[in-house]
Each structure stands twice: as C-alpha cells, then as structure tokens.
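Everything on this sheet refers to the single structure shown next.
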Amino acid sequence: MNRWLALAHKLSFDSCHRREQMAAVIVRGGAVLSLASNHSKRYGHAEARALSRAKDVEGATVYVMRKNKLTSKPCPNCRQLLIEAGIAKAVYVNVDGHVEIERLR
Ligand SMILES: [Zn+2]
C-alpha cells in the first residue's frame with residue numbers, strides 16, 4: 601500500500617464514527633499539507649475537515665481511507681469541495697483494499 605494511504609488507514613482508527621471510519625491526507629511535493637479523520641455527521645467527512653484545516657492545496661493529491669465495502673470514491677459533496685479547492689487527484693481505498701484514482705482536473 602502507498603505510504604500516504606497507509607497513513608490515512610492509520611489515522612482512520614481515530615474516527616469515532618460508528619458506521620464508516622474515514623481519514624484524509626492531503627499531500628503535495630512529498631509533504632503533508634493537512635490531515636483529518638471524520639467524526640460524527642455533524643462535523644463532516646474527513647476530506648472536508650482536512651480541507652478546512654489547510655490554506656493552499658492547489659495541485660495537491662488527497663489520499664483517503666474510506667472503510668466502506670461498497671465504495672472507494674468521494675461522495676458528491678466532497679468531490680465538489682475537492683475540485684473547488686484545486687485538488688488535482690484523489691486516491692481512495694476502501695476496506696477491502698480496493699484503490700480508485702480519480703483525476704479532478
Ligand atoms: Zn464526503
């Protein structure tokens with residue numbers, strides 16, 4: 601597994617969300633710009649939380665652990681936030697280790 605996905609996987613254990621633990625790591629040029637796990641619904645998804653903590657993520661890649669069996673893609677809301685923030689690429693892994701890479705621009 602990619603080291604950033606491995607970091608997202610590790611971070612996802614911090615999540616207190618009961619149904620779907622998630623974590624996002626935003627990386628550019630080999631450096632972590634921001635990271636976050638998700639918490640309850642009220643506080644939002646890991647991607648949104650990580651974006652809210654970062655200033656400039658233009659051209660960065662987001663690595664996301666999404667512990668869901670069905671999907672390893674961003675939800676429509678997070679996809680929109682990632683695109684608006686200028687994230688270039690999204691790399692998602694689900695609980696089965698299935699990886700999906702999506703170019704956002
Ligand atoms: Zn989302």
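Under this note's numbering, think of the first position of the sequence shown as 601, with each following residue one higher.
Just so it is clear, CB atoms sit at the ideal spot from N, CA and C, and this is done for glycine as well.
Note that the coordinates shown come from a computational prediction; the quantities given were computed from them, not determined experimentally.
With a cutoff of 8 Å on beta-carbon distance, A688 and A660 are scored as near each other. Distance from the C-beta of E647 to the nearest heavy atom of ligand 1 is below 7 Å. Burial is judged here by how many other beta carbons sit within 10 angstroms of a residue's own beta carbon; S634 has at least 16 and is buried. In this structure, C616 sits away from E647, with a CB-CB distance that is not shorter than 8 Å. Between A608 and A631 a beta carbon distance of about 15 Å is seen, past the 8 Å cut, so the two are scored as non-contacting.
Approximately 14 Å separates the beta-carbon atoms of K673 and V695; this is outside 8 Å, ruling out the contact.
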